[in-house]
Amino acid sequence: MSDRLFVAFVWHMHQPWYQDPATGLLMLPWVRLHAAKDYVDMVALLEEFPVIHQTFNLTPCLLEQIAWYGDGHHDAWERLAAQPAESLSEPDAAALARQCTFAHPQRMVLPYPRYAVLADQVRRGRRLQPDELRDLVVWFHLVWIDPRWRRQEPALAALMAKGASFTESDKAQVLAYHRALLARVVPTYRAAQDRGQIEVTTSPYTHPILPLLADGTIAQAATPRLPLPAERFAHPEDLVDHLRRAVECYSGLFGRPPRGLWPSEGAVSEAIVPAVAGAGFGWMATDEAILWRSLETAPPRAALYRPYRVSLGGSSLAMVFRDRLLSDLIGFTYSAQPAAEAADDLLRRLRAIRDEAEGKAPLVTIILDGENAWEHYPEDGEAFLRRLYDGLSRDASLSCVTVSDYLAAHPPVETLPQLAPGSWIRGDFTTWIGDPEKNRAWEHLARARAAYAEASDHPRAAEAWRALLVAEGSDWFWWYGPEHHSAHDEEFDRLFRHQVMQVYTTLGLPVPPALRASGISAAAGSPIAPTRWMTPTVDGVVTDYFEWLYAGRWDCAWGRGAMAPGQNRLQRVWWGCDAAAWYLRLDLATWPMAEPLTVTISAVEPSFRAVITLASGSAAAVWQRPDGAGQALAVAVERIVEVQFPLKALGIRPGTAITASIQVEQQGAVLETLPSSGTAAFLIPGESDEQTIWSA
10 MSDRLFVAFV
20 WHMHQPWYQD
30 PATGLLMLPW
40 VRLHAAKDYV
50 DMVALLEEFP
60 VIHQTFNLTP
70 CLLEQIAWYG
80 DGHHDAWERL
90 AAQPAESLSE
100 PDAAALARQC
110 TFAHPQRMVL
120 PYPRYAVLAD
130 QVRRGRRLQP
140 DELRDLVVWF
150 HLVWIDPRWR
160 RQEPALAALM
170 AKGASFTESD
180 KAQVLAYHRA
190 LLARVVPTYR
200 AAQDRGQIEV
210 TTSPYTHPIL
220 PLLADGTIAQ
230 AATPRLPLPA
240 ERFAHPEDLV
250 DHLRRAVECY
260 SGLFGRPPRG
270 LWPSEGAVSE
280 AIVPAVAGAG
290 FGWMATDEAI
300 LWRSLETAPP
310 RAALYRPYRV
320 SLGGSSLAMV
330 FRDRLLSDLI
340 GFTYSAQPAA
350 EAADDLLRRL
360 RAIRDEAEGK
370 APLVTIILDG
380 ENAWEHYPED
390 GEAFLRRLYD
400 GLSRDASLSC
410 VTVSDYLAAH
420 PPVETLPQLA
430 PGSWIRGDFT
440 TWIGDPEKNR
450 AWEHLARARA
460 AYAEASDHPR
470 AAEAWRALLV
480 AEGSDWFWWY
490 GPEHHSAHDE
500 EFDRLFRHQV
510 MQVYTTLGLP
520 VPPALRASGI
530 SAAAGSPIAP
540 TRWMTPTVDG
550 VVTDYFEWLY
560 AGRWDCAWGR
570 GAMAPGQNRL
580 QRVWWGCDAA
590 AWYLRLDLAT
600 WPMAEPLTVT
610 ISAVEPSFRA
620 VITLASGSAA
630 AVWQRPDGAG
640 QALAVAVERI
650 VEVQFPLKAL
660 GIRPGTAITA
670 SIQVEQQGAV
680 LETLPSSGTA
690 AFLIPGESDE
700 QTIWSA
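Residue numbering for the sequence shown follows the numbering used here, beginning at 10 and increasing consecutively.
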């Protein structure tokens, strides 16, 4: 037992490079919106808790886009929103209305009646009148300002109280406040670092996966037999420039070089260590999965709670490893619990680690996304963080530190025998390489890299090189393939291809025709089979990132037959199984709803019917076979719907498929049928599939 546990929070702040080189506009608004809602208040809150010291990771591509706004540039959504509502064409008004529904339904829309009504009308396909559209625009931009600022700023509080009938002047005021918060981001972080309460770290320049830049074949070291791109990408010199530019960007803004590095997505390999150390970094961090694979023997859990040194080729770095459970509890679980209950649970877990810890100065490292989690919390997570920080401040045995301050006092004494390649997701690289779409993108990149090498003496080579660095960012590869989807998939695809095209056009070279075609497969909407057995917790929330990671998935927009246009309720269907049960997850477009919703699953083979009834705050489900046998099902709804079906009773056998259709009804009206005709096959992995996957 240790008398003190050191706790290092690392909040990762990042956005992809949204600028389209063809227009100069930032095509998506998330830098601006998260600056208004997350970036400034996360640090400002710490002023009330001076003993809480933390680390914040700001990526260069985020910082440069913030500076881009500061130079007077705009994003495409902002430019459209700023236009008088009466002057908009019908297509522009419709686009703006859709844009202004991108907010968390339960936390950011439904608490505000006027916003909720207007957003629902947009989803139903109704065209808004100019005064309604203006109200929608103002509400959208208000809810994307942190509640702290909405309370403290009298003008914003007055607009919240006004609630409707906003003027163009009101709208301009809210948009201007977004700009004001953007301008405060870097000064706020610099001031907090200068007073010693936070450490600001950084990542490689455009957030690339460093090991894959050094040599893409390293992906097979973590995942044997993974399909690789037809053209190998191996340019270790590129990662050197990403690190050099990251240091330059950081130093110019913060007046000192960075000490710590969060390698993009926690992706590491032995090949990157000399470059990271050579760029002047003293430490880097990654996920605990990498630690367990790097150690030669199976260690106790307590081995996670200490720093290590990695020494390769004469280069040496300190390393800390992320506690996955604690990080994911904040990122994915606590938002569905009462704030006090969630914060107290984390404090209890930290004290339990303290009591079991070995050594004199155990360190728990909690690393997670510092921006996207909070919209799932009531009031943007403020109550949770206040309760947590207050509890940490009052407990002298829990000491919150920056990573660099901890390492200065407690340098690592143990050296890793090796550094296993991998990332924070599954400990491998399959999120960014190995799928046909991802591999095709790597092939585009490899060909553009070769074209640049042949023309590197061109007068505009530096401009082409920067476009290439942007195209090397991880985010493009994240969105390709079946694993991740958003409403902006086509925009991300277009931005990636435009960046690669820019390499050719800047060098005066013809653009390969393949780059003008979408990188998204025509069959992107087909149901995707599960990859292994899984056992989710049926509680109506995504318990952690990995809970449904191996599930099958069907994006409903591709297979739906809309009986009432604009009233689609299902966004995505997920499914998977273990040895005893089939699990179904439904992602709803809006929840909760004013009227109950009924989802009926009609299975042909094996033959059964299941009816799921969803009402505000409750859910019920039953199944029945043609012979009359049936029973209630385990079901829960909170942010998602989760249902558990008994395999044996329903005659479902692992290694087969369930052929079924899904019908959604509300108030007796059929809103949608999936697929629009016939049935879909929901493939169920068998035990042999599971063994094959594990052996890989």
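Where a beta carbon is used, it is the ideal one built from N, C-alpha and C, also for glycine.
By the Cβ-count criterion, E481 is buried, with 16 or more other Cβ atoms from all chains shown falling within 10 Å of its own Cβ. One thing to note: A624 has its Cβ no nearer than 8 Å to the Cβ of V644.
Contact between the segment 270-279 and the segment 423-434 is present: three or more C-beta pairs spanning the two stretches fall below 8 Å.
The beta carbons of G225 and A243 sit about 7 Å from each other, so the pair counts as a contact at 8 Å. No residue range can be given for D332, since it is assigned to no alpha helix (DSSP H) and is classified by DSSP as neither H nor E. Contact annotation: G275 and S432 have beta-carbon atoms nearer than 8 Å.
When only Cα atoms are considered, A612 and P491 end up about 25 Å apart. For L252, the closest of P236, G269 and F263 by C-alpha to C-alpha distance is G269.
Around the beta-carbon of E246, fewer than 16 other beta-carbon atoms lie within 10 Å, marking it exposed. In this structure, DSSP gives D564 an extended state, which the three-state scheme calls strand. DSSP places Q161 within a helical segment (H, G or I) once states are collapsed to three.
Distance between P100 and R403, taken at the CA atoms: about 56 Å. Under the 8 Å Cβ criterion, the segment 22-38 does not count as touching the segment 347-362, having fewer than three qualifying pairs. The beta-carbon separation of V650 and L595, rounded to 4 Å, stays under the 8 Å limit for a contact. Taking the Cβ atoms as the reference, V412 lies roughly 5 Å from T64, within the contact range of under 8 Å. At a Cβ-Cβ threshold of 8 Å, N66 and W271 count as neighbours.
Contact check between the segment 358-374 and the segment 307-318: three or more CB pairs, one atom from each, fall below 8 Å, which counts as touching. With contacts defined by Cβ atoms closer than 8 Å, A44 and V209 do not form a contacting pair. For H150, no beta strand (DSSP E) segment is defined; the enclosing uninterrupted segment is the alpha helix (DSSP H) at P139 to V152.
Under the rule that a run must span 4 or more residues, the alpha helix (DSSP H) segments found entirely inside the segment 39-91 read 39-43, 49-53, 69-79 and 85-91. Under the three-state reduction of DSSP, P156 is assigned to helix. For K46, the number of other beta carbons within 10 angstroms of its own is at least 16, and it is reported as buried.
Annotated three-state conformation of S325 is strand, per DSSP. Selection P347, G261, S530 and F691 evaluated against L72 yields G261 as nearest (Cα-Cα). With a cut-off of 8 Å on Cβ pairs, the segment 339-350 is not in contact with the segment 433-441, counting fewer than three such pairs. For S413, the enclosing alpha helix (DSSP H) covers residues V412 to A418.
With fewer than 16 other beta carbons inside 10 angstroms of its own, P445 counts as exposed. A85 is a Cβ neighbour of L34, given a cutoff of 8 Å. If the five residues before and after R360 are omitted, its C-beta is found closer than 8 Å to the C-beta atoms of L14, D404, S406 and L407, all from its own chain and listed in chain order. Here the C-alpha atom of A476 lies approximately 35 Å from the C-alpha atom of Q182. Of the other Cβ atoms in all chains shown, 16 or more fall within 10 Å of the Cβ of L190; this residue is therefore buried. In this structure, the CA atom of A294 is about 16 Å from the CA atom of L334. For I661 against P615, the beta-carbon gap comes to about 6 Å, under 8 Å, which counts as contact.
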